[in-house]
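Taken in order, the sequence shown gives residues 51 to 705; the numbers are from my numbering. Using N, Cα and C, we set each Cβ at its ideal position, and we do this for glycine too.
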Amino acid sequence: MRDIFAENGVLASQLAHFEARSGQLSMAEAVADLLQGDQEDISLHPARVLVVEAETGIGKTLAYLIPAILSSRKIVISTATLNLQDQILNKEIPLIEKVLDQQVPVLCVKGRQNYLCHYRWFQYRAAMQMSLLDDPDGDRIEKWLEDTTTGDRSELAWLPDRSALWPKISAQSSQCLGGDCPESAFCFINRLRRKAGSVRLLIVNHHLFFSDLALRSSGFGEVLPRYEGVIFDEAHHIENVATQFFGRTFSQYQLLDLFADLERQAELDLDPAAVDVLRGMVQGLSQRLDHFLRLFPEDRGRFHLDALVERISDAAWRSEIDQLSLALERLQALVAAHDGRGEGWGSFDKRVSELKENLQQIALPAETGSVRYVHWYERRERTISLSATPVEIAGHLRDHLYGAVRFCVMTSATLSSGGSFAYVKDRLGLDDQAEFLRFNSPFDYRERTLLYIPETSFPEPTFREYQERTCERVLDILRISRGRALVLFTSLKAMDLVADFLDGRLSYPVLVQGRASRQNLLDTFRNTTDSVLLAVASFWEGVDVAGESLSCVIIDKLPFEVPSDPVLQARIRTISDNGGNPFFDLQVPRAILSLRQGAGRLMRSATDRGVIAILDVRLFSKGYGRIFLKSLPPSPVVRTLQELSRFFGTEGRVV
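Here it is in structure tokens:
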């Protein structure tokens, strides 16, 4: 590794602007040491685990990719975002091939829904031809299929993100016929699996990885070929993603999607009388579903299921579940009767069975075993879903991840809080054998940045006047910074209030999340130097805008999660029952990791310069504020707007 990453190494000789970084070399050496471990029986020796926090500027992607490639082992690289997948495949791998002067056997594997299904495509085209309707999008896909070797929708740049067509023709697992499919010889998924078996480096995302892991744990197959080790980048997402795949969900959308697929298949395979019978059955089940959904209050959000059951009575709830289950059983029987009519009917039988089982497991829980679940529902604008979520994921990871691979690397720019890995170690079920490393950013935060926190008299977020004062203070800062700012909020309501307040008060372009696509907003923000971008949620991470366009990051308040969330409440209760302190063991570390992600949007290169402004005086007024401050970059702290004016060189009076 030293021959490659050192000051006079191979990377320096191949790259004109390469800067040797001790943290990058140390991380690469640690990954290489891990991957050179023994070959003993995995059942006797669970995975060797390396956890690396590598802050922005370390160059962690090359630090794990190069030793992984040189190890000659079968390795999965799992990321949280498609952007990082694309970066690895299109930027890092070609660079490594040049540096090492060798071809890298690598393949990017995405979720099935990203690939076209030939069988569903032919069904769709047949239906459109029977309807005698024009199908310009279908014609373009027909032409694309003459050339594509992957069937990956990312090749269709013209296809909208929310295309109504793609879900009808994509290779979703719930509609897959497997070996019974008449188009299996041409299947893009089958081709991908064959190729995946022959390469040593697979690039996937966390959702696909844990989908595969959950499938393996159930004993019903696998999505990915066997591998020796896994490297998680953006590893701070592991708990949340793994939780989704080791739980259960029953949703209104799943049923409506099933109904649409059933009717489409019926029109192709059944005679008119049988189609009418099926439609009548679907209509009756739809009415039963509507009756069931009327039990749920209109309030949007996530709520405990047992509170709803208590409100309407246990007997009434059980009666509704029994009737909905019976309607699903009748539909399943009707579907099963058509097994010989066409290849798709067997998969419909399985889908209905899984929906019924999920409904009963979630709605009528019978707790067994050592794994505890929290049962809850969520009402969004148009749909309702029911879920059973494991309260803790550590046991699942110990049983199904660490016990099934030889090597596991977890890396991210944000894995510690207050300098400690205790939170990650506990939540991800890591034992004392795991190795933990931390590398600070090489960027010069002390000379090139400031951390602004308002004066002591500024109201705390719980005070009535906080929102009004926040609007005014954001405006003050944006005038001083001359735009060039990313403003991050903990809620849509707060973002909208500030957006309305700024309307007409700034001479700089103000971009607001939701008013254009994410990519369009980022492109405009990056290319319009004095613009301001207001955003929530996903914009707290993954935004990589180097240079003057992002000279200021403003965060409205510490990103504590909504305390009424059922899953969070269940985890808080579990920690309390075990004698822990949920605020400091769970809530503070999670908020710190989110805050560090948001603050990390500022410095994306060594030449960047700017201000991180956090409009939350609890950083000084509360004892836990010291832990947050300790976790932030070592920027000089200022508490007056005058100091910001001096930093930005703004002349004249602060308005």
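- prompt: For PHE513, does the count of other Cβ atoms within 10 angstroms reach 16, so buried, or fall short, so exposed?
  reply: The residue is exposed, with fewer than 16 neighbouring Cβ atoms inside 10 Å.
- prompt: Of all the options GLY297, ALA264, GLU591, ARG529, which has the alpha carbon lying nearest to the alpha carbon of SER581?
  reply: Nearest C-alpha to SER581: ARG529.
field: Residues bridged to CYS226 [DSSP beta-bridge criterion]
entry: Secondary-structure assignment with DSSP links CYS226 through no beta bridge to anything.
task: Out of ASP356, SER601, ASP53, LEU547, point me to the one whose CA is closest to VAL149's CA.
output: Comparing C-alpha distances from VAL149 to each of ASP356, SER601, ASP53, LEU547 shows the shortest one belongs to ASP53.
query: Between the C-alpha atoms of LEU209 and ASN570, what's the straight-line distance to the nearest angstrom?
result: Taking C-alpha positions only, LEU209 is separated from ASN570 by approximately 15 Å.
field: Environment of ASP326 [buried if 16+ CB atoms lie within 10 Å]
entry: The residue in question, ASP326, is exposed, as its Cβ has fewer than 16 Cβ neighbours within 10 Å.
- prompt: Between LYS124 and ILE253, what straight-line distance do the alpha-carbon atoms span, to the nearest angstrom?
  reply: Approximately 11 Å between the Cα atoms of the pair.
- request: Quick one: residues in its chain with C-beta nearer than 7 Å to the C-beta of ASN240, no 5 flanking neighbours on either side, listed in chain order?
  value: So the list reads SER234, once near-sequence residues are dropped.
query: According to DSSP, which residues form a beta bridge with ALA535?
result: Residue pairing by DSSP places ALA535 opposite VAL582, CYS602 in a beta bridge.
message: Suppose only complete runs of 4+ residues qualify. What are the alpha helix (DSSP H) ranges in the stretch 647-683, listed by chain order?
response: If we require 4 residues or more, the alpha helix (DSSP H) runs fully inside the stretch 647-683 come out as 668-671, 675-681.
task: Give every residue of the same chain whose Cβ lies closer than 6 Å to the Cβ of ILE443, excluding the five residues on either side of it in the sequence, and list them in chain order.
output: Cβ contact annotation for ILE443 (same chain, cutoff 6 Å, sequence separation greater than five): GLU289, ALA292, THR293, in chain order.
- prompt: Among VAL154, CYS158, VAL126, which has the Cα closest to the Cα of GLN135?
  reply: Of the listed residues, the one whose Cα sits closest to GLN135 is CYS158.
- prompt: Of the choices TYR277, LEU132, TYR558, whose alpha-carbon is the least far from that of ALA246?
  reply: Checking every option, the nearest Cα to that of ALA246 belongs to TYR277.
GLU497, DSSP secondary structure in three states: Helix, per DSSP.
- request: Taking GLU370 as part of the beta strand (DSSP E), name the residues at either end of that continuous run.
  value: Per DSSP, GLU370 is not a residue of any beta strand (DSSP E); the alpha helix (DSSP H) it occupies stretches across 364-386.
- prompt: Going along the chain, which residues of its own chain have a beta-carbon closer than 7 Å to the beta-carbon of SER223, five neighbours each way excluded?
  reply: Hits under 7 Å: ARG162.
- prompt: Whole alpha helix (DSSP H) runs in the stretch 287-348 with 4 or more residues, listed along the chain?
  reply: Segments of the alpha helix (DSSP H) lying fully in the stretch 287-348: 288-295, 302-319, 322-343.
- prompt: Quick one: what's got a C-beta closer than 7 Å to ILE622's C-beta in the same chain, skipping five residues either side?
  reply: Apart from the 5 residues on each side of it in sequence, ILE622 sits with its Cβ closer than 7 Å to the Cβ of PRO632, LEU636 in its chain, given in chain order.
message: Using the Cβ count rule (16 or more neighbours within 10 Å means buried), how would you classify PHE259?
response: Looking at its Cβ environment, which holds 16 or more other Cβ atoms inside 10 Å, PHE259 is buried.
- prompt: Can the beta-carbon of VAL280 be found closer than 8 Å to that of VAL455?
  reply: Yes; because the gap between Cβ atoms is below 8 Å, this pair is in contact.
task: Starting from the Cα of LEU15, find the closest Cα among CYS521, LEU572, ALA566, THR574 and give me that residue.
output: There is no way to answer for residue 15, as the model of the chain reaches only from 51 to 705.
- request: Go through its chain and collect everything with a Cβ distance to ALA386's Cβ below 7 Å, but skip five positions before and after it.
  value: So the list reads ASP399, once near-sequence residues are dropped.
message: Quick check on the burial criterion: 16 or more other C-beta atoms within 10 angstroms. Buried or exposed for PHE697?
response: Buried.
field: Status (buried if at least 16 other CB within 10 Å, exposed otherwise) for HIS341
entry: An exposed status is given to HIS341, since fewer than 16 other beta-carbon atoms sit within 10 Å of its beta-carbon.
- prompt: Would you say the stretch 181-188 touches the stretch 163-170, given that touching needs at least three Cβ pairs under 8 Å?
  reply: In this structure the stretch 181-188 does not lie against the stretch 163-170, because fewer than three pairs of beta carbons, one per stretch, are closer than 8 Å.
message: Just verifying my parser: in three-state terms, what is the DSSP assignment at LEU547?
response: LEU547 falls in the helix class under three-state DSSP.
field: Which of helix, strand or coil DSSP assigns to CYS167
entry: In the structure shown, CYS167 sits in coil (DSSP, three-state: anything other than H, G, I, E or B).
task: Tell me, please, which residues DSSP counts as bridged to ILE125.
output: Beta-bridge pairing links ILE125 to LEU251, GLY279.
- request: Answer yes or no: do ASP283 and ILE127 have a C-beta to C-beta separation smaller than 8 Å?
  value: Yes.
- prompt: Cβ atoms of ASP658 and GLY592: under 8 Å apart, would you say?
  reply: Their beta carbons are not under 8 Å apart, which means GLY592 does not touch ASP658 by this criterion.
task: Measure the beta-carbon distance from TYR423 to LEU436 and round it to whole angstroms, keeping in mind my assumption that it falls under 8 Å.
output: Their Cβ separation, rounded to whole angstroms, is 12 Å, which puts TYR423 and LEU436 out of contact at 8 Å.
message: Only counting the same chain, and skipping five residues up and downstream in sequence, which positions put a Cβ closer than 6 Å to that of SER491?
response: These residues qualify, in order along the chain: GLU105, THR106, GLY107.
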